[in-house]
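Numbering (our numbering), first residue to last: 379 to 487.
In this text, a Cβ means the ideal position worked out from N, Cα and C, and glycines have one as well.
Nothing here was measured: the structure is a model prediction, and the numbers come from that model.
Only one structure is covered here, and it is reproduced in the block below.
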Amino acid sequence: MKQNFYQKVYEIVSKIPKGRVTTYGTIAELAGSKGSARMVGWALNSLKSQPVNLPAHRVVNRNGLLTGKHHFGGECIMSELLSNEGVKINGNRVINFEDYFWNPTETIY
DNA sequence: TGATTGACCAACT
DNA sequence: CAGTTGGCCAATC
């Protein structure tokens, strides 16, 4: 069975290593639709009602900004989680984002 | 079924 | 610098 966009998103996000972050656009691209970064957010949004536990806090926007922080149930939750894993956060942005950036294609291959 | 929305991205005004 | 527009695709109303 072909994996849907959702399925791919879940798969990729669940594979994000601790202390790393990735972007919606990258996930969307790997999932098969580059322009569908919004769908990634949609998928993650559905996670709130699902029994799975994906590190969605490790997914940030293209600029390394924590755009989804408000959807974690709080404004500090996302930054707290990331900083707890070793990812330094400056307000709503990941410090040294390029250095923390995780490329799914390298791990999933 | 049609219209709206959505945790984005890029470009333009 | 802030606001708008177009694009992308699927879910929800």
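Inter-residue CB distance, residue i and residue j (contact presumed, cutoff 8 Å)
{"i": "A415", "j": "A406", "result": "4 Å"}
{"i": "M417", "j": "S411", "result": "7 Å"}
Cut-off 6 Å between Cβ atoms - residues of its own chain near residue i, not counting five sequence neighbours on either side
{"i": "F475", "result": "G442"}
{"i": "V445", "result": "Here the sequence assigns Thr to residue 445, which means Val is not the residue at that position. Excluding sequence neighbours, T445 sits near N439."}
{"i": "G403", "result": "A415, R440"}
Alpha carbon of residue i to alpha carbon of residue j, nearest angstrom
{"i": "G452", "j": "E484", "result": "32 Å"}
{"i": "Y388", "j": "E458", "result": "22 Å"}
{"i": "F450", "j": "N431", "result": "12 Å"}
{"i": "N470", "j": "N382", "result": "31 Å"}
{"i": "E463", "j": "I394", "result": "12 Å"}
{"i": "N468", "j": "Y384", "result": "30 Å"}
{"i": "Q428", "j": "G413", "result": "25 Å"}
{"i": "K386", "j": "G419", "result": "13 Å"}
{"i": "C454", "j": "K447", "result": "7 Å"}
{"i": "L408", "j": "I390", "result": "9 Å"}
Where the alpha helix (DSSP H) through residue i begins and ends
{"i": "L432", "result": "Looking at the DSSP string, L432 is not in any alpha helix (DSSP H), and its letter there is neither H nor E."}
{"i": "N325", "result": "Residue 325 is absent from the model: the chain starts at 379 and stops at 487."}
{"i": "F479", "result": "Careful: F479 lies outside any alpha helix (DSSP H) and carries neither H nor E."}
{"i": "S392", "result": "383 to 392"}
{"i": "I405", "result": "402 to 409"}
Residues of its chain near residue i, where Cβ-Cβ distance is below 7 Å and the 5 sequence neighbours each way are ignored
{"i": "R398", "result": "R436, Y478, W480"}
{"i": "V465", "result": "G397, V399, V472, Y478"}
{"i": "S392", "result": "L432"}
Distance cut-off 7 Å: residue i Cβ against heavy atoms of the ligand MG
{"i": "L460", "result": "Among the components modelled here there is no ligand, and therefore nothing to report on the ligand MG."}
Exercise. In chain order, which beta strand (DSSP E) runs of at least 3 residues are fully inside the region 440 to 467?
Worked result: none
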